[in-house]
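Visitor: Just dropping this structure here.
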Ligand code: NDP
């Protein structure tokens, strides 16, 4: 028995190449649940794992894909039986363990969650790791006191995967969303997701010597990091929180502690990879309730396994809009 997979190999000079191959089932890694994968997605990290590796992939040949949804084919764990629909995000699957860019995956039962009620496997992957993380960020902001009457919520990297889902969820919950984008041509798209105004990336790209600026944002979901996050911290309202999700603009944080000390601003770290099971269920349940499915569909760009090398390069350059859903079959 064979299955199709996108396999990344590393040549003698350290250069990686990705191609679709037929693999024998005996190549599947160890695990207690075998899943017939239906859909996977493209996230920023996948861009690294399909291409240069970014230090995430240790062993080649490698099958990337940091998330997937599908149907259990065989299980040695009581929690899952053949025919169950399941979703996987995180746990370094697609990085150190073979991932979802394949018709089959074998993983630990602990890493799976049941497909949330009300979602199809395709919708779950339209959400994917990026959307799941956006929900975690919104939950963290709410847990720290954010409510819609407090004012505008900023979303950075808004036309990307995390940003698009965060924008749609926040708008649906009644928040006024200011969407930061470097792509002015995406204004209509972002307003369609519910953004009430667009903030040009250039307005927040430059650093300032002033540690505090006008108190503007009641909350922020930040997918960009770097200079932009540093600048945003000084613009937060008194007691407001920023959920730090990503580093699309850089891993440095050239900020001062003044916003924390004088305005009680909170910087909340968001990690989706090692998230405990109960909170995963809570986030997926919120996604099924709070993310309008028509808005989700508007974000989707469909793709197949063979499209991933090009799309992987594009996402690393900030050139992908919304969510790429990969039909692996
Ligand atoms: P995308 O590439 O889809 O989105 C990133 C967006 O950031 C781009 O679309 C672009 O938006 C903006 N952007 C890109 N480059 C720059 C730049 N140099 N300066 C400012 N803005 C930039 O990626 P994802 O949404 O999948 O992921 C976003 C980030 O979140 C990544 O860093 C990723 O690693 C991280 N992440 C973290 C997770 C966690 O568990 N903490 C989980 C998932 C993702 P626009 O064109 O609108 O400006």
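Numbering (our numbering), first residue to last: 1100 to 1428.
For each residue, glycine too, the CB sits at the ideal point set by N, CA and C.
Can you give me the start and stop residues for the beta strand (DSSP E) that residue 1142 sits inside?
Guide: Residue numbering aside, residue 1142 sits at position 43 when the chain shown is read from its first letter. It is not in any beta strand (DSSP E) - residue 1142 carries neither H nor E in the DSSP assignment.
Visitor: Starting from residue 1402, trace the beta strand (DSSP E) in both directions and tell me its first and last residue.
Guide: Looking up residue 1402 in the chain shown gives position 303. Residues 1399-1402.
Visitor: Hey, could you find the ends of the beta strand (DSSP E) residue 1108 is sitting in?
Guide: Position 9 of the chain shown, counted from the first residue, corresponds to residue 1108. Note, residue 1108: beta strand (DSSP E), 1101-1109.
Visitor: Here's a check: name, in chain order, each residue in its chain whose Cβ is nearer than 7 Å to the Cβ of residue 1429, leaving out the five neighbours to either side.
Guide: Beyond the ends of the chain as shown, which are 1100 and 1428, falls residue 1429; an answer cannot be given.
Visitor: Name the two residues that bound the continuous beta strand (DSSP E) containing residue 1371.
Guide: To locate residue 1371, count along the chain shown from 1; it is residue 272. Element bounds for residue 1371: n/a, residue is neither H nor E.
Visitor: Please report the distance separating the alpha-carbon of residue 1287 from that of residue 1183.
Guide: Sequence index remark: in the chain shown, residue 1287 carries index 188 (1-based). Sequence index remark: in the chain shown, residue 1183 carries index 84 (1-based). Their Cα atoms are separated by approximately 39 Å.
Visitor: Can you grab the Cα-Cα spacing for the pair residue 1324 / residue 1100, in whole Å?
Guide: Position 225 of the chain shown, counted from the start, is the residue given in the question as residue 1324. Position 1 of the chain shown, counted from the start, is the residue given in the question as residue 1100. About 45 Å.
Visitor: Which partner residues of residue 1383 appear in the DSSP bridge assignment?
Guide: Looking up residue 1383 in the chain shown gives position 284. BP columns for residue 1383 are empty, so no partner.
Visitor: Tell me the DSSP bridge mates of residue 1335?
Guide: As a position in the chain shown, residue 1335 is number 236, starting the count at 1. Beta-bridge pairing links residue 1335 to 1316.
Visitor: Using a 10 Å radius around the Cβ and a threshold of 16 neighbouring Cβ atoms, would you call residue 1420 buried or exposed?
Guide: For the purposes of this step, residue 1420 is taken as residue 321 along the chain shown, with counting starting at 1. By the 10 Å Cβ count, residue 1420 comes out buried.
Visitor: Take every Cβ of the segment 1367-1374, pair it with every Cβ of the segment 1350-1357, and state whether three or more of those distances are shorter than 8 Å.
Guide: At 8 Å Cβ cutoff, the stretches do not touch.
Visitor: May I ask you to check if the CB of residue 1176 is nearer than 7 Å to at least one heavy atom of the ligand NDP?
Guide: Along the chain shown, read from residue 1 onward, the residue named residue 1176 stands at position 77. Not under cutoff, so the answer is no.
Visitor: Do you know whose CA, among 1397, 1194, 1112 and 1379, lies nearest residue 1264's CA?
Guide: Position 165 of the chain shown holds residue 1264. Here the closest residue by C-alpha is 1397.
Visitor: Report the three-state DSSP secondary structure of residue 1412 (helix, strand or coil).
Guide: Here residue 1412 is taken as the residue at index 313 of the chain shown, counted from 1. Helix, per DSSP.
Visitor: Whole alpha helix (DSSP H) runs in the segment 1232-1318 with 4 or more residues, listed along the chain?
Guide: Counting only runs of 4 or more, we get 1260-1271, 1286-1292 and 1300-1304.
Visitor: Can you give the Cα-Cα distance for residue 1160 and residue 1278, rounded to whole angstroms?
Guide: For the purposes of this step, residue 1160 is taken as the residue at position 61 of the chain shown. For the purposes of this step, residue 1278 is taken as the residue at position 179 of the chain shown. Computed Cα separation, rounded: 39 Å.
Visitor: Could you spell out the range, first to last residue, of the beta strand (DSSP E) harbouring residue 1346?
Guide: Locating residue 1346 in the chain shown gives position 247, where the first residue counts as 1. First-last for residue 1346: undefined, no H or E at that position.
Visitor: Would you tell me roughly how many angstroms separate the C-alpha atoms of residue 1410 and residue 1233, rounded to the nearest one?
Guide: The sequence position of residue 1410 within the chain shown is 311, counting from 1. The sequence position of residue 1233 within the chain shown is 134, counting from 1. When rounded, the distance between both Cα atoms is 21 Å.
Visitor: Please report the distance separating the alpha-carbon of residue 1341 from that of residue 1257.
Guide: Counting from 1 along the chain shown, the entry for residue 1341 is found at position 242. Counting from 1 along the chain shown, the entry for residue 1257 is found at position 158. Distance between the alpha carbons of residue 1341 and residue 1257 is about 15 Å.
Visitor: Look up residue 1358 in the DSSP assignment and say whether it is helix, strand or coil.
Guide: The sequence position of residue 1358 within the chain shown is 259, counting from 1. Note: residue 1358 maps to helix in three-state DSSP.
Visitor: Quick check on the DSSP output: the beta strand (DSSP E) that includes residue 1205 runs from which residue to which?
Guide: Numbered from 1 along the chain shown, position 106 holds the residue referred to as residue 1205. Looking at the DSSP string, the run of the beta strand (DSSP E) that includes residue 1205 is 1203-1206.
Visitor: Terminal residues of the continuous beta strand (DSSP E) containing residue 1352?
Guide: Position 253 of the chain shown, counted from the first residue, corresponds to residue 1352. Neither: residue 1352 is in no beta strand (DSSP E) and is coded neither H nor E.
Visitor: Check for me: the beta strand (DSSP E) holding residue 1213 runs from which residue to which?
Guide: Here residue 1213 is taken as the residue at index 114 of the chain shown, counted from 1. Where residue 1213 is concerned, the enclosing beta strand (DSSP E) stretches over 1211-1213.
Visitor: Taking all protein chains shown into account, decide if residue 1153 is buried (16 or more other Cβ within 10 angstroms of its Cβ) or exposed.
Guide: Your numbering for residue 1153 matches position 54 in the chain shown. Residue 1153 comes out exposed.
Visitor: Go ahead and pull the three-state DSSP assignment for residue 1328.
Guide: Indexing the chain shown from 1 puts residue 1328 at position 229. DSSP places residue 1328 in helix when its eight states are reduced to three.
Visitor: Assuming residue 1345 contacts residue 1382 (C-beta within less than 8 Å), just tell me the rounded distance between them.
Guide: As a position in the chain shown, residue 1345 is number 246, starting the count at 1. As a position in the chain shown, residue 1382 is number 283, starting the count at 1. Not really, about 17 Å apart at Cβ, beyond 8 Å.
Visitor: Taking the alpha carbon of residue 1399 as the reference point, which residue from 1312, 1127 and 1141 has its own alpha carbon closest?
Guide: As a position in the chain shown, residue 1399 is number 300, starting the count at 1. Of 1312, 1127 and 1141, the residue nearest in Cα terms is 1141.
Visitor: May I ask you to check if the CB of residue 1142 is nearer than 7 Å to at least one heavy atom of the ligand NDP?
Guide: Reading the chain shown from its first residue, position 43 is the one you call residue 1142. Flag set: Cβ of residue 1142 near the ligand NDP.
Visitor: Classify residue 1393 as helix, strand or coil using the three-state DSSP reduction.
Guide: Numbered from its first residue, the chain shown carries residue 1393 at position 294. It is helical.
Visitor: Can you tell me which of the three DSSP states residue 1364 falls into?
Guide: The sequence position of residue 1364 within the chain shown is 265, counting from 1. Residue 1364 falls in the coil class under three-state DSSP.
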